[in-house]
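Okay, structure first, notes after.
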Amino acid sequence: MSPTLASYCHERVAAVRAAERFRRRRVIEGAHAPVVVADGQRCVNFCSNDYLGLAAEPALAQRMARAGERLGTGSAASQLVTGHNAEHAALEAELADWVGRERALVFSTGYAANVGVVSALMTRGDHIVADALNHASLIDGARLSGAHKHVYRHGDAADAAVKLAACETGNRLLITDSVFSMDGDTAPLCALAETAQAQGAWMAVDDAHGLGVFGAQGAGRVAEAGLGSNRVPLLLATLGKSVGAAGAFVAGDDVVIEAILQSARSLIFSTAPPPAVAAAAREGVALARAGDYRRGHLMGLIERFRQGAVELGLPIEPSDSPIQPLLLGGEAQAVAVSNALLARGVLVGAIRPPTVAPGTSRLRITLTAGHDEAQVDALLGALAAVLPAADSRRSA
Numbered sequence: 030m031s032p033t034l035a036s037y038c039h040e041r042v043a044a045v046r047a048a049e050r051f052r053r054r055r056v057i058e059g060a061h062a063p064v065v066v067a068d069g070q071r072c073v074n075f076c077s078n079d080y081l082g083l084a085a086e087p088a089l090a091q092r093m094a095r096a097g098e099r100l101g102t103g104s105a106a107s108q109l110v111t112g113h114n115a116e117h118a119a120l121e122a123e124l125a126d127w128v129g130r131e132r133a134l135v136f137s138t139g140y141a142a143n144v145g146v147v148s149a150l151m152t153r154g155d156h157i158v159a160d161a162l163n164h165a166s167l168i169d170g171a172r173l174s175g176a177h178k179h180v181y182r183h184g185d186a187a188d189a190a191v192k193l194a195a196c197e198t199g200n201r202l203l204i205t206d207s208v209f210s211m212d213g214d215t216a217p218l219c220a221l222a223e224t225a226q227a228q229g230a231w232m233a234v235d236d237a238h239g240l241g242v243f244g245a246q247g248a249g250r251v252a253e254a255g256l257g258s259n260r261v262p263l264l265l266a267t268l269g270k271s272v273g274a275a276g277a278f279v280a281g282d283d284v285v286i287e288a289i290l291q292s293a294r295s296l297i298f299s300t301a302p303p304p305a306v307a308a309a310a311r312e313g314v315a316l317a318r319a320g321d322y323r324r325g326h327l328m329g330l331i332e333r334f335r336q337g338a339v340e341l342g343l344p345i346e347p348s349d350s351p352i353q354p355l356l357l358g359g360e361a362q363a364v365a366v367s368n369a370l371l372a373r374g375v376l377v378g379a380i381r382p383p384t385v386a387p388g389t390s391r392l393r394i395t396l397t398a399g400h401d402e403a404q405v406d407a408l409l410g411a412l413a414a415v416l417p418a419a420d421s422r423r424s425a
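Converting from the sequence shown to this note's numbering requires adding 29 to each position, the first position being numbered 1.
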């Protein structure tokens, strides 16, 4: 006989707590800006994906408010019924133009986009070759598709080629993040694209953490690498990071996007995003495209942090992105350092398994264009102060 649901869940939660993997949601009061009030404490936020500082940009809020007054608060139906608004259509056209593709298709979330696109195009008998550190949504999309799954060593184009060559039947999809969300490093996109093209495979790139930050007009890592739709026919990215709004999209050739629209279950069976949110995203796209100053400022902060971290001997990873992880190892160590930083007014999340592999718990520090040099220096000072103390606690 099964235990009661409550007792079963109690045991699961207790096990999570015992492993130092319990996570809870902090309550943020007010706007999600570089300085926030989290659980009643004012602190500088260094764990946001708002890379260009647009999430609290008044222009987006004003655009959203005006659209809300005209269009209401909801879309009232899925896209293929009556939920597709003129704001959605305009957003898709502007996104396609931004990333240099014929057409784009907007989803409610990045998870829905990745799961929907992969499972819409791949099926039983096909093969998906994926980086070992791909985002969970790409992994789940592969699982839902029913296709055979093959994992290559992280960032290793040669191993990807070996895995692709072993797939002798069915369609083949090589899929990778551009900038990896927990490590901040970038996939060898050109080498992977060459591998896929040489072996007649399709390629998909999730540029969620590259869009807005890299490339001309912030068009992303794929654009920066000069990879058009002939090399990367499936380009995915989100609107809730650098764009400062919400949602996600896939961009590619017109016929490819049409096929996804007709078969992606996460889109067909979901209510369309509110038109007012699409309007805010349009403003975010315009500001991101014109945001060279923001990008320049952000790159300067990244360099300042990295130089300071090296001088302090901090365990930083090789990353030129806004994501700057500090690997600490154990779960308890990561939690202890995160809590010590919060006590000093610095909010940095402790990332633990199952998000990352056991033994690689870390602080995931993220820098944004909304921060200033003084805040970065304060972060470095706080890290210098708490890491020795945390080390002594671990060895005690």
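For each residue, glycine too, the CB sits at the ideal point set by N, CA and C.
These numbers were taken from a predicted model, which means no experiment stands behind them.
Rounded to the nearest angstrom, what separates ASP79 and ALA125 at their Cα positions?
Looking up residue 79 in the sequence shown gives position 50. Looking up residue 125 in the sequence shown gives position 96. Using only the alpha carbons, I get a separation of about 21 Å.
Just checking VAL73 against the ligand MN - is the residue's beta carbon closer than 7 Å to any of the ligand's heavy atoms?
What this structure holds is no ligand at all, so the ligand MN is not there to describe.
Counting pairs of beta carbons, one from the region 266 to 273 and one from the region 184 to 193, are three or more of them closer than 8 Å?
Cβ pair count under 8 Å is below three, so no.
For the alpha helix (DSSP H) that ILE429 lies in, which residues bound it at each end?
Residue 429 is absent from the structure shown; the chain starts at 30 and stops at 425.
Which partner residues of TYR181 appear in the DSSP bridge assignment?
Within the sequence shown, numbered from 1, the residue matching residue 181 stands at position 152. BP columns for TYR181 point to ASP160.
Would you say the region 317 to 324 touches the region 347 to 362, given that touching needs at least three Cβ pairs under 8 Å?
Short answer: they don't touch.
For PRO344, report the span of its alpha helix (DSSP H) as first-last.
For the purposes of this step, residue 344 is taken as the residue at position 315 of the sequence shown. Counting along the chain, PRO344 falls outside any alpha helix (DSSP H), and DSSP gives it neither H nor E.
What are the boundary residues of the alpha helix (DSSP H) that THR224 is part of?
Residue 224 sits at position 195 when you count from the first residue of the sequence shown. Its alpha helix (DSSP H) spans residues 218 to 227.
Which stretch, first to last residue, makes up the alpha helix (DSSP H) that contains GLY139?
Along the sequence shown, read from residue 1 onward, the residue named residue 139 stands at position 110. That run of the alpha helix (DSSP H) goes 139 to 150.
Just curious, the beta strand (DSSP E) that GLY358 is in, first and last residue?
Here residue 358 is taken as the residue at index 329 of the sequence shown, counted from 1. Run containing GLY358: 352 to 358, per the beta strand (DSSP E) assignment.
Look up GLU58 in the DSSP assignment and give the residues it is bridged to.
For the purposes of this step, residue 58 is taken as the residue at position 29 of the sequence shown. Paired residue(s): VAL66.
Taking only three categories from DSSP, how would you classify ARG153?
The residue labelled residue 153 in the question sits at position 124 within the sequence shown. DSSP places ARG153 in coil when its eight states are reduced to three.
Among the candidates ARG260, ARG311 and GLY170, whose CA atom is the shortest distance from the CA of ALA88?
Walking along the sequence shown from the start, residue 88 turns up at place 59. Closest by alpha carbon: ARG311.
Going along the chain, which unbroken runs of the alpha helix (DSSP H) with 4 or more residues stay wholly within the region 260 to 322?
Entirely contained in the region 260 to 322, the alpha helix (DSSP H) runs reaching 4 residues are, in chain order, 283 to 292, 294 to 297 and 304 to 318.
Rounded C-beta distance between ALA119 and ALA280? I'm assuming under 8 Å.
Stepping through the sequence shown from its first residue, residue 119 is reached at position 90. Stepping through the sequence shown from its first residue, residue 280 is reached at position 251. About 15 Å; that fails the 8 Å criterion.
Mapping the DSSP letters down to three states, classify ALA106 as helix, strand or coil.
Numbered from 1 along the sequence shown, position 77 holds the residue referred to as residue 106. Looking at ALA106 - three-state DSSP - the assignment turns out to be coil, as it is neither helix nor strand.
From this set, GLY154, VAL66 and VAL405, which residue's C-alpha is nearest ARG333's C-alpha?
Taking the sequence shown and counting its residues from 1, one reaches residue 333 at position 304. Among GLY154, VAL66 and VAL405, the Cα nearest to that of ARG333 belongs to VAL405.
Of all the options ALA237, GLN246 and ALA47, which has the alpha carbon lying nearest to the alpha carbon of SER210?
For this step, residue 210 is matched to residue 181 along the sequence shown. Taking only the C-alpha atoms, the option nearest SER210 is ALA237.
Please look up how many angstroms separate the CB atoms of THR300 and GLY112, rounded, as I've assumed it's under 8 Å.
The count along the sequence shown starts at 1 and reaches residue 300 at position 271. The count along the sequence shown starts at 1 and reaches residue 112 at position 83. Sure, about 6 Å apart at Cβ, within 8 Å.
Hey, out of GLU86, PRO383 and GLY103, whose CA is closest to ALA165's CA?
Working through the sequence shown from its first residue, we reach residue 165 at position 136. Closest option to ALA165, Cα to Cα, is PRO383.
Would ALA176 pass as a contact of ALA159 if the rule is Cβ separation under 8 Å?
Translated into positions along the sequence shown, residue 176 becomes position 147. Translated into positions along the sequence shown, residue 159 becomes position 130. Against a cut-off of 8 Å, the Cβ pair of ALA159 and ALA176 comes out as no contact.
Can you tell me the Cβ-Cβ gap for GLY213 and GLU86, rounded? I've got them flagged as a contact below 8 Å.
For the purposes of this step, residue 213 is identified with residue 184 of the sequence shown, where counting begins at 1. For the purposes of this step, residue 86 is identified with residue 57 of the sequence shown, where counting begins at 1. Contact doesn't hold; Cβ gap of about 24 Å is too wide.
Pull the bridge partners of ARG391 from the DSSP assignment, please.
Start at 1 with the first residue of the sequence shown, and residue 391 comes out as number 362. Answer is LEU356 and ILE380.
Since LEU343 and LEU355 should fall inside the 8 Å C-beta cutoff, what is the C-beta to C-beta distance between them, to a whole number of angstroms?
Within the sequence shown, residue 343 is the residue found at index 314, counting from 1. Within the sequence shown, residue 355 is the residue found at index 326, counting from 1. About 6 Å separates the two Cβ atoms, so the contact holds.
By Cβ distance below 6 Å, which residues in the same chain neighbour MET64 in space, the five residues on each side in sequence not counted?
On the sequence shown, residue 64 is found 35 positions in, with the first residue counted as 1. According to the sequence provided, residue 64 is Val. The question's Met does not apply to it. Closer than 6 Å at the Cβ level, and outside the excluded window around VAL64, lie VAL73.
So, under 8 Å CB-CB, GLY249 and VAL135 are touching, yes? Tell me the CB distance rounded to an integer number of Å.
Translated into the one-based positions of the sequence shown, residue 249 becomes position 220. Translated into the one-based positions of the sequence shown, residue 135 becomes position 106. Not quite, the Cβ-Cβ distance comes to about 16 Å (not below 8 Å), so this is no contact.
Can you list, in chain order, the residues of its chain with a C-beta nearer than 6 Å to that of ILE352? Leave out the 5 residues immediately preceding and following it.
Residue 352 sits at position 323 when you count from the first residue of the sequence shown. So the qualifying residues of the chain are GLY213 and THR395.
Starting from ALA119 and walking both ways along the alpha helix (DSSP H), at which residues does that stretch end?
Counting from 1 along the sequence shown, the entry for residue 119 is found at position 90. 115 to 128 is the span of the alpha helix (DSSP H), which, as asked, contains ALA119.
Can you list, in chain order, the residues of its chain whose CB lies under 6 Å from that of ARG55, leaving out five sequence neighbours each side?
Mapped onto the sequence shown, residue 55 falls at position 26. Answer for ARG55: ALA67 and ASP68, listed in chain order.
When DSSP labels each residue in this structure, what does ASN74 get in the three-state scheme?
Locating residue 74 in the sequence shown gives position 45, where the first residue counts as 1. If DSSP states are grouped into helix, strand and coil, ASN74 belongs with the strands.
Mind checking who MET93 pairs with in its DSSP beta bridge?
Position 64 of the sequence shown, counting from 1, holds the residue named residue 93. Beta-bridge pairing links MET93 to no other residue.
Please state the DSSP three-state secondary structure of ARG201.
By one-based count along the sequence shown, residue 201 stands at place 172. Strand at ARG201.
Between the alpha carbons of THR205 and GLY129, how many angstroms are there, rounded?
Within the sequence shown, numbered from 1, the residue matching residue 205 stands at position 176. Within the sequence shown, numbered from 1, the residue matching residue 129 stands at position 100. C-alpha separation (whole angstroms): 19 Å.
From PHE243 to ARG324, what does the alpha carbon distance come to, in whole angstroms?
To locate residue 243, count along the sequence shown from 1; it is residue 214. To locate residue 324, count along the sequence shown from 1; it is residue 295. Cα to Cα, PHE243 sits roughly 8 Å from ARG324.
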